[in-house]
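In this note's numbering, the protein residues as written are 274 to 410.
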């Protein structure tokens with residue numbers, strides 16, 4: 274359920290995506306028709322394949338981390354059951370080991386991995402706890 278390709282429909286930046294992976298690859302594309310095709314792909318794997326073939330937005334290297342954070346935040350605030358799963362991890366370190374994601378996003382045994390998805394999941398988990406315990410928005 275924590276994986277980016279888990280089928281959990283989310284709305285982010287005025288668009289609806291079948292999964293975080295659909296949103297990430299769609300939003301990375303420079304061309305509007307490519308974004309639509311990626312958004313509407315039948316599976317996360319196909320969204321990733323289409324996204325990998327599309328020309329990137331010029332600002333993507335600077336924007337991608339914030340976009341992923343927004344997509345993950347949407348997933349866990351729009352799906353309370355998924356938020357419960359994330360919260361059940363307590364304060365444990367989350368090591369994201371996605372097979373097809375780049376080492377930027379995942380934990381890799383040879384220390385090339387930056388584990389950004391894991392770190393963002395930990396941040397969103399903390400935000401969910403803060404909302405529950407302190408009433409922060």
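Where a beta carbon is used, it is the ideal one built from N, C-alpha and C, also for glycine.
Can you tell me where the alpha helix (DSSP H) holding residue i begins and where it ends?
i, result
"residue 309", "305–312"
"residue 320", "317–326"
"residue 300", "293–301"
Using the rule of at least 16 other Cβ atoms within 10 Å of the residue's Cβ for burial, across every protein chain shown, is residue i buried or exposed?
i, result
"residue 335", "exposed"
"residue 374", "buried"
"residue 383", "exposed"
"residue 380", "buried"
"residue 403", "exposed"
"residue 283", "buried"
"residue 305", "exposed"
Less than 8 Å between CB atoms is the rule here; does residue i satisfy it with respect to chain D?
i, result
"residue 361", "No chain D appears in the structure shown, which is made up of a single protein chain."
Beta-carbon within less than 7 Å of residue i's beta-carbon, same chain only, minus the 5 sequence neighbours each way: which residues are those?
i, result
"residue 279", "292"
"residue 285", "296, 343, 344, 347"
"residue 393", "341, 342, 345"
"residue 355", "274, 281, 348, 349"
"residue 310", "323"
"residue 237", "This structure leaves residue 237 out entirely; the chain is present only between 274 and 410."
For residue i, which residues in the same chain have their Cβ closer than 6 Å to its Cβ, ignoring the five residues on either side in sequence?
i, result
"residue 359", "349, 398"
"residue 367", "391, 394, 395"
"residue 327", "302, 307"
"residue 371", "379"
"residue 330", "303"
task: Would you list, in sequence order, the uninterrupted alpha helix (DSSP H) runs of no fewer than 4 residues that lie entirely inside the segment 344–397?
output: 353–360
- prompt: When the Cβ atoms of the segment 312–320 are set against those of the segment 354–367, are three or more pairs found closer than 8 Å?
  reply: no
- prompt: Any chance the segment 329–344 sits against the segment 299–309, with 3 or more Cβ pairs inside 8 Å?
  reply: yes
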